Structures are given as C-alpha cells and as structure tokens.
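Residues -24 to -1, 1 to 299 in mature numbering (1 follows the signal peptide of the UniProt record, and there is no 0) are what the sequence shown spells out, letter by letter.
Down below is the structure, laid out as structure tokens.
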Amino acid sequence: MKQYFNFSWCLLLLLVGISFSGLAQNIKVQAKLDQTTIELGDQTRLHLIVQLPAKTHIDFPVLADTISSKVQVVEMGRTDTIADKNNPGMDIISRTYTITSFDAGLHMIPAYVFHSKNGDFNTGALPLEVKAVKVDTTKAIYDIKEPLAVSYSFMDWLRDNWKWVVFSLIVVLAVAGLLYYWIKKRKNKPAQVQEARPLVPLHTIALDKLGALRAKKLWEQGQVKAYYSELSDIVREYLEKRYPINALEQTSEEIFSGLRHLNIAEQDMDRLKQLLVLADLVKFAKEKPLPAANEQSMENAISFVMNTKEIPSLTENKFNGHV
C-alpha cells in the first residue's frame, strides 16, 4: 500500500512538472531593432515582444534612462496587447522604446529578462552600429553668418493676421450686442417673487439614479463596462456634492485619501472601496466580474449613500414646510 501511495505522488508530481514545462515552452520572448545602423544622433526603436498563452501574467524588464553609457532611452512607448491570429489562445504583448546614441561605434543592446511564475525568459543581445557624420575636409571652413535684419511693420502684421482681427471684432461686437440686449431686457422685466421650493436631498437624487441604472439591466445584457462606468459616476457625483473633495476628477486612491479623516464608518468605506476598485478594474483592466459581484456593487452603492446621507437640521425642516 505504501509503495502504491509513493508511486501516485511521483506520478502527480511528474504530471505537474510536464504541465509547467509545456506552459513555459509556449512563452517566447524577443528583442528587435527597427534599424541596426543609424547616423550619429539619429533615433531608432527597440521592441521587447513576448508571445504567451492568453491571461498568462509576465513581468517586462524595467529599462532606465540609459541602456548603456553609449546608448540612451529617449522615450518609452505604450504597451500593446493583440491576439495572435496564427495561434488561437495566444497573445502578443509588445513594448517600444525610442533610443539614440551620440558616440560612434558598435554598441551592444544587452539581453533582457522577462519574469513569470513559470520561470525567467531571456532575449538575445543586439548590435547597434552608430556611424559618425562624414566631414569634407577638402573644403574651406567659413564663419557662421549673422542673422539678417528684416523689418516687420504693423501693416505687415495686419496683412498676415487680418482674418483673426476680423474674427475678433465680430466676436466682440456679438458679445456686446448680447450683453446690451440682456441688460435692457432685465431692466424692463418686472420683478417676480419666486416661491421657495424644497430642495431635493442629495441621497434621494443618488438613489433615484441608482434605481434607474438597475432598471436598465446593463450587465445582464453584457454591457458590464457601461454598467460600472455609470455606477462609478453616480457615486462620484454624490461624493463630490456630499463631501469637500473633487471626486469626479480624482482617482480612486485620491478619493479614499480625502475621505480618510472624515466621519465615515469603516464598513461603509469598505463598501465604497469594493465598488470603485472593481469599477476601475472593469474599465481599465478588462475585468469580468461574476453576476453576484455586479449585484453586490449596486447594493454597496445604495448602502453607502443611505448610511452617509446628510441629516437635515430642524431649521431646514421648518423652512421646507416639514415639522
């Protein structure tokens, strides 16, 4: 019996090892240059590319401002992910860097290492030849000519910019005419006493919008991103009007930091973090939550609004006609 148990464990470990080995073999990395030869000071692009099974995570190497003492990084482009048309189930992820060099000679782009839970994967080193600018020594060397003085009068400027001048005059006249009409109309308009109307509470507005969003059944129809985008906007609009934060323009982390010192229960903060963080993942990381998580996000939004609603004072209740 013991021998059979040991044999089963060995077989299981062997199958796991074969599985990881097969996954690692499906991952391929490479580095390539648009041009392997450039003139002194010219630029070319370095591409770091990895081919791997879909939904597999891998860490790209981090490049500093300089690849070596002779080669500098001018700009890092964005990371692109596309499906491999020739290999279903595989993705191709690429990251581009613009590089240059101001030292003539043959320089080496070093090998880079990609890290993943299945192991490390190395690219190959690349040669980059930088050619010096040829100078014709048979010709005489001349001093730099001084700039020529060119007269530029107001009439010259007016001739070059007459369209903008005419457009500006039309805009000024139009604004002046509208302002005159508005002032004259306001003077002739009899004063009207506006009846005081009770203000709609912020939480009521937010709950009405959440109810309307739930009635749309967006995520049930596959429109998960639109659902979370609208849900996040409703909650952020409520936060901006309820608290002294610019929630519509801030990131989720900035919102949490701004609310940290306010009188909000920890359970309500957890509800807010769940729905805003999940909304960010859906909008920016293409996360696909389960149906239960979609419904829970709505429940968390409703609970947060109800638990943080502003309680009107007694004076406000009397003013609005309530006792």
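Backbone N, C-alpha and C define an ideal beta-carbon position, used for all residues, glycine too.
These numbers come from a predicted model, not from an experiment.
- [ ] Taking only the alpha-carbon atoms, compute the straight-line gap between L186 and I287 and give it to the nearest angstrom.
- [x] Indexing the sequence shown from 1 puts residue 186 at position 210. Indexing the sequence shown from 1 puts residue 287 at position 311. Going by the C-alpha atoms only, they are around 20 Å apart.
TODO: With a cut-off of 8 Å on the beta carbons, I'd call L207 and A268 a contact; round off their distance for me.
DONE: Along the sequence shown, read from residue 1 onward, the residue named residue 207 stands at position 231. Along the sequence shown, read from residue 1 onward, the residue named residue 268 stands at position 292. Wrong, their Cβ atoms sit about 15 Å apart, outside the cutoff.
Task: First and last residue of the uninterrupted beta strand (DSSP E) at Y73 - done: Translated into positions along the sequence shown, residue 73 becomes position 97. Per DSSP, the unbroken beta strand (DSSP E) holding Y73 starts and ends at M66 to T76.
Open item on the list: In this structure, how does DSSP classify T20 when only helix, strand and coil are distinguished?
Closed with: In the sequence shown, residue 20 corresponds to position 44, counting from 1. Strand.
Open item on the list: Let's see if you can read the secondary structure: which residues bound the beta strand (DSSP E) around L9?
Closed with: Mapped onto the sequence shown, residue 9 falls at position 33. Unbroken beta strand (DSSP E) run through L9: K4 to L9.
- [ ] Leaving out five residues on either side along the sequence, give the residues of the same chain with a beta carbon under 6 Å from the beta carbon of E263.
- [x] For the purposes of this step, residue 263 is identified with residue 287 of the sequence shown, where counting begins at 1. Excluding sequence neighbours, E263 sits near L257.
Open item on the list: Taking 9 Å as the threshold (C-beta atoms), are A7 and I34 in contact?
Closed with: Taking the first residue of the sequence shown as position 1, residue 34 is located at position 58. Taking the first residue of the sequence shown as position 1, residue 7 is located at position 31. Their beta carbons are not under 9 Å apart, which means I34 does not touch A7 by this criterion.
Open item on the list: So the candidates are S129, F260 and S77; which of them puts its Cα closest to the Cα of E108?
Closed with: The residue given as residue 108 occupies position 132 in the sequence shown. Looking at the sequence itself, residue 108 is Ala, so the reference to Glu does not match. A108 has its Cα closest to that of S77, out of S129, F260 and S77.
- [ ] Look up G198 in the DSSP assignment and say whether it is helix, strand or coil.
- [x] Locating residue 198 in the sequence shown gives position 222, where the first residue counts as 1. Of the three classes helix, strand and coil, the one that applies to G198 here is coil, per DSSP.
- [ ] Say yes only if the C-beta of L215 is nearer than 8 Å to one or more non-hydrogen atoms of the ligand FAD, and no if none qualify.
- [x] This structure does not include the ligand FAD; it has no bound ligands of any sort.
Open item on the list: Check this for me: beta carbons of L189 and S92, under 9 Å apart or not?
Closed with: The residue given as residue 189 occupies position 213 in the sequence shown. The residue given as residue 92 occupies position 116 in the sequence shown. No, they are not a contact pair.
Task: Whole-angstrom C-beta distance between N270 and W195, which should lie under 8 Å - done: Numbered from 1 along the sequence shown, position 219 holds the residue referred to as residue 195. Numbered from 1 along the sequence shown, position 294 holds the residue referred to as residue 270. That pair is a contact at about 4 Å.
Open item on the list: Buried or exposed for N94, going by 16 or more other Cβ atoms inside 10 Å?
Closed with: As a position in the sequence shown, residue 94 is number 118, starting the count at 1. Buried is the call here.
Open item on the list: Counting C-beta neighbours from all protein chains within 10 Å, is the total for L149 16 or more, i.e. buried, or is it exposed?
Closed with: Taking the sequence shown and counting its residues from 1, the one referred to as residue 149 is at position 173. Answer is exposed; the Cβ neighbour count stays below 16.
Task: Unbroken beta strand (DSSP E) run spanning H83, endpoints - done: Translated into the one-based positions of the sequence shown, residue 83 becomes position 107. Bounds of the beta strand (DSSP E) holding H83 are G81 to I85.
- [ ] Keeping to the same chain, check which residues put their C-beta closer than 6 Å to that of Q226; ignore five residues upstream and five downstream.
- [x] One-based indexing of the sequence shown puts residue 226 at position 250. Setting aside the 5 residues that flank it on each side, Q226 has no residue in the same chain whose C-beta is closer than 6 Å to its C-beta.
Open item on the list: Quick check on the burial criterion: 16 or more other C-beta atoms within 10 angstroms. Buried or exposed for F90?
Closed with: Taking the first residue of the sequence shown as position 1, residue 90 is located at position 114. By the neighbour-count rule (16 or more Cβ atoms within 10 Å), F90 is buried.
Open item on the list: Could you compute how far the alpha carbon of L39 sits from the alpha carbon of V147?
Closed with: Your numbering for residue 39 matches position 63 in the sequence shown. Your numbering for residue 147 matches position 171 in the sequence shown. Approximately 51 Å between the Cα atoms of the pair.
- [ ] Return the bridge partner residues of P103 from the DSSP annotation.
- [x] In the sequence shown, counting from the first residue as 1, residue 103 sits at position 127. DSSP, once it has assigned bridges, lists M84 as partnering P103.
- [ ] Excluding the 5 residues preceding and the 5 following D41 in the sequence, name in chain order all residues of the same chain whose CB lies nearer than 7 Å to its CB.
- [x] For the purposes of this step, residue 41 is taken as residue 65 along the sequence shown, with counting starting at 1. The beta carbon of D41 is closer than 7 Å to those of Q48 and V49 in its chain, skipping five residues each way along the sequence.
Task: Every unbroken alpha helix (DSSP H) inside the region 179 to 257 [4 residues or more] - done: As far as the region 179 to 257 is concerned, its whole alpha helix (DSSP H) runs of at least 4 residues are 200 to 218 and 228 to 235.
Open item on the list: Can you look up I120 in the DSSP assignment and give me helix, strand or coil?
Closed with: Position 144 of the sequence shown, counting from 1, holds the residue named residue 120. The three-state reading of DSSP puts I120 in coil, since its state is none of H, G, I, E or B.
TODO: Rank N63, N62, T57 and D79 by C-alpha distance to the C-alpha of I69 and give the top, closest one.
DONE: Looking up residue 69 in the sequence shown gives position 93. Relative to I69, the option among N63, N62, T57 and D79 whose CA is nearest is T57.
Open item on the list: Considering Cα atoms alone, identify which of I85, Q243, L248 and D184 is closest to E230.
Closed with: Residue 230 sits at position 254 when you count from the first residue of the sequence shown. It is L248.
Task: Outcome for R54 when other beta-carbon atoms lying within 10 angstroms are tallied against a minimum of 16 - done: Along the sequence shown, one-based indexing puts residue 54 at 78. Exposed, by the Cβ-count rule.
TODO: Reducing DSSP to helix, strand and coil, say where N98 ends up.
DONE: To locate residue 98, count along the sequence shown from 1; it is residue 122. Here DSSP, grouped into helix, strand and coil, assigns N98 to strand.
Open item on the list: Counting only beta-carbon separations shorter than 9 Å, does Q11 have a partner in chain C?
Closed with: No chain C appears in this structure, which consists of one protein chain only.
Open item on the list: What does the alpha-carbon distance come out to for the pair T74 and Q11?
Closed with: Here residue 74 refers to the residue found at position 98 of the sequence shown. Here residue 11 refers to the residue found at position 35 of the sequence shown. The straight-line gap from Cα to Cα measures roughly 11 Å.
Open item on the list: Using only CA atoms, which one of S205, D209, D79 and R236 lies nearest to P220?
Closed with: Against the sequence shown, residue 220 aligns to sequence position 244. It is R236 whose Cα lies nearest to the Cα of P220.
TODO: Flag this pair as yes or no: are the beta carbons of residue 300 and G65 separated by less than 9 Å?
DONE: It is not possible to answer for residue 300, since the shown part of the chain is limited to -24 through 299.
Task: Per-residue DSSP class, three states only, for E286 - done: In the sequence shown, counting from the first residue as 1, residue 286 sits at position 310. Note: E286 maps to coil in three-state DSSP.
TODO: Report yes if the C-beta distance between A182 and E216 is below 9 Å; otherwise report no.
DONE: As a first step, residue 182 must be located in the sequence shown, where it is residue number 206. As a first step, residue 216 must be located in the sequence shown, where it is residue number 240. Taking a C-beta distance under 9 Å as the contact criterion, A182 and E216 do not qualify as a contact pair.
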